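Worksheet: one structure, shown below.
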Amino acid sequence: MKGDDILNFLTCFKVPEVAKSMAHLLVTPEERKIIEIIEDDIYSIKDLSTLIEKKFNVNGEELVRKMYKRAVLNKVEVSDGIYYKTSEFYDRIAYFCQYETDIWLSVPRKIRDEIDDWYVTTYAETAEPRVKEVIDGKKDVIENAYFFTLQETLDLIDSLDKQIYSVPCNCNAVSQRCEKDKDVCLLFETGINTQWDRGHGKLLTKDEAKAIVVRADKNGLMHTSETDQAICNCCGCCCYPIRASKVIGTTGIWPKRRYDIIWEESKCVNCGRCVKICNFGAFVKEDKKIRYVEEKCLGCTICSSQCHVKAIKIKKI
Ligand code: SF4
Ligand code: SF4
Ligand code: SF4
């Protein structure tokens, strides 16, 4: 895609400046032309399939479904049914990084980092008014609302009456800042524009879901949830909610801290496990001795579940 040819696509797909050099990787030439034809309109699957078949020698319905799966198209619900519309870069990039990882990794690191920074900033801008509504008591929760303890997360899974499926962590897929477990995003939602509706996700039994959470805890991933949409198992370096919250200035409020840590120095055997587990450097080892740096702690509680001599207790705030 070159010159004017791509300009219309960049506008229709809301591609930010930082991503322009890799935008051609996001869509096929056919998909780009379809996006340019659709612009701001919405189409029924029948009309869009017919349009595609007239323009290209392909099965229209199959291509629409494929574009929806790749988050190149989104669904929109109107009074007489479900229609399709063009997605945008913001929606597509996460799916691209999650499911076309090799192509994403072929983009130079500098450009990937710029896109990652843009994503955090953009996410923070969209989240800020919602976080504010929660603070003002006008809204109950938003995504990743609370830090959950290991036990609370396992209990939540037991209490769920929805199907649970796992998808690759999209924050980690875009950021690629660490090598921690990747298939740790546990989702329950199945409506339009969800991963499930697009054809992604691995269905889990409750025991399988709990095993993922236990392993995540052991590997230093923190559990966050708003109870009815997802259970996330997040690291501190990639996680968009945690990074966006820092940008907004709501660390400790979103995800909400609900526990304080009580470190009993006399019980500590200086094994250093909490130093490895903590995502924020709140436990440090100096001269073979452990020190707890309270002001760095976000109260995620995973150090407590992973301290084998129970030197770290949690106290509900
Ligand atoms: S919120 Fe957490 S688990 Fe969910 S996608 Fe982001 S880092 Fe991964
Ligand atoms: S994990 Fe527990 S015993 Fe080990 S260093 Fe940390 S507080 Fe001490
Ligand atoms: S010290 Fe605080 S932030 Fe670090 S793992 Fe423990 S509870 Fe989480």
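Here the sequence shown stands for residues -11 to 305, numbered as in our numbering. Glycine included, every Cβ here is placed at the ideal spot set by N, Cα and C. These numbers were taken from a predicted model, which means no experiment stands behind them.
Leaving out five residues before and five after residue i in sequence, what residues of the same chain have Cβ atoms less than 8 Å from its Cβ?
| i | result |
| --- | --- |
| LEU142 | LYS198, VAL201, VAL202 |
| SER213 | ASN132, ALA133, TYR134, PHE136, THR141, LEU144, ILE219, CYS220 |
| ASN207 | LYS168, ASP169 |
| LYS273 | ASN258, GLY260, VAL263, ARG279 |
| LEU(-2) | LYS8, ALA11 |
| LYS127 | ARG118, GLU121 |
| GLY69 | SER32 |
Is the beta carbon of residue i less than 7 Å from the beta carbon of residue j?
| i | j | result |
| --- | --- | --- |
| PHE307 | VAL3 | Nothing can be reported for residue 307: it is not among the residues displayed for the chain, which extend from -11 to 305. |
| PRO243 | TYR134 | yes |
| LEU286 | ASP205 | no |
| GLY48 | SER32 | no |
| THR238 | VAL122 | no |
| ILE26 | THR89 | no |
| THR182 | TYR247 | no |
| TYR56 | VAL64 | no |
| ALA112 | ALA232 | yes |
| LEU93 | TYR153 | no |
| ASN45 | GLU24 | no |
| MET10 | VAL66 | no |
| GLU116 | ILE241 | no |
Give a single yes or no on whether residue i has its beta carbon closer than 6 Å to a heavy atom of ligand 3.
| i | result |
| --- | --- |
| PHE136 | no |
| THR141 | no |
| CYS226 | no |
| LEU144 | no |
| ALA270 | yes |
| CYS285 | yes |
| ILE91 | no |
| ILE249 | yes |
| ASP288 | Residue identity check: residue 288 is Cys in the sequence provided, not Asp. CYS288: yes, Cβ under 6 Å from ligand 3. |
| CYS173 | no |
| CYS266 | yes |
Which same chain residues, not among the five before or five after residue i, have their C-beta less than 7 Å away from its C-beta?
| i | result |
| --- | --- |
| THR356 | Within the shown structure, residues of the chain are numbered from -11 to 305, placing residue 356 beyond reach of any answer. |
| PHE271 | CYS262, VAL263, ILE278, TYR280, CYS291 |
| GLU5 | none |
| CYS295 | ARG261, CYS262 |
| ARG165 | CYS225, CYS226 |
| GLU325 | Lying outside -11 to 305, the shown extent of the chain, residue 325 is not represented and no answer is given. |
| ARG186 | TYR56, LYS57, ALA59 |
| ILE180 | LYS63, GLU65, ILE70 |
Closer than 6 Å by C-beta to residue i: which residues in its own chain qualify, once you throw out the five before and the five after it? Chain order, please.
| i | result |
| --- | --- |
| GLU177 | GLN217 |
| SER147 | none |
| GLY269 | LYS284 |
| HIS188 | VAL155 |
| LEU39 | none |
| ILE103 | VAL6, ALA7 |
| GLN86 | PRO156, ASN158, ALA161 |
Hey, would you say the C-beta of residue i is under 6 Å away from at least one heavy atom of ligand 1?
| i | result |
| --- | --- |
| PRO229 | yes |
| CYS85 | no |
| CYS291 | no |
| ASN62 | no |
| CYS220 | yes |
| CYS159 | yes |
Let me check you understand the geometry: is the CB of residue i closer than 6 Å to at least one non-hydrogen atom of ligand 2?
| i | result |
| --- | --- |
| ALA299 | yes |
| GLY260 | yes |
| VAL257 | yes |
| CYS295 | yes |
| ILE278 | yes |
Any beta carbon from chain D within less than 7 Å of residue i's own beta carbon?
| i | result |
| --- | --- |
| PHE271 | The displayed structure is made up of one protein chain only, and chain D is not part of it. |
field: 3-residue-minimum beta strand (DSSP E) runs that sit fully inside the stretch 203 to 253, ordered along the chain
entry: 210 to 213, 218 to 222, 247 to 251
- request: Quick one: which unbroken beta strand (DSSP E) runs of 3-plus residues sit fully inside the stretch 46 to 71? Chain order, please.
  value: 61 to 66
query: Where are the beta strand (DSSP E) runs, 3 residues long or more, that stay fully inside the stretch 105 to 177, in chain order?
result: 134 to 136, 152 to 155, 173 to 175
- request: Would you be able to state if there are at least three C-beta pairs under 8 Å between the stretch 214 to 225 and the stretch 170 to 182?
  value: yes
query: Should the stretch 55 to 63 be called in touch with the stretch 12 to 31, which here means at least 3 C-beta pairs below 8 Å?
result: yes
message: With a threshold of 8 Å, are at least 3 pairs of Cβ atoms found where one atom belongs to the stretch 222 to 235 and the other to the stretch 154 to 171?
response: yes
field: Stretch-stretch touch, CB-based, cutoff 8 Å, three pairs: the stretch 247 to 262 with the stretch 293 to 300
entry: yes
task: Counting only runs of 3+ residues fully inside the stretch 256 to 280, write out the beta strand (DSSP E) ranges in chain order.
output: 271 to 274, 277 to 280
task: Run through the stretch 16 to 40 for me and flag every whole alpha helix (DSSP H) of 4 or more residues, listed as ranges in chain order.
output: 17 to 26
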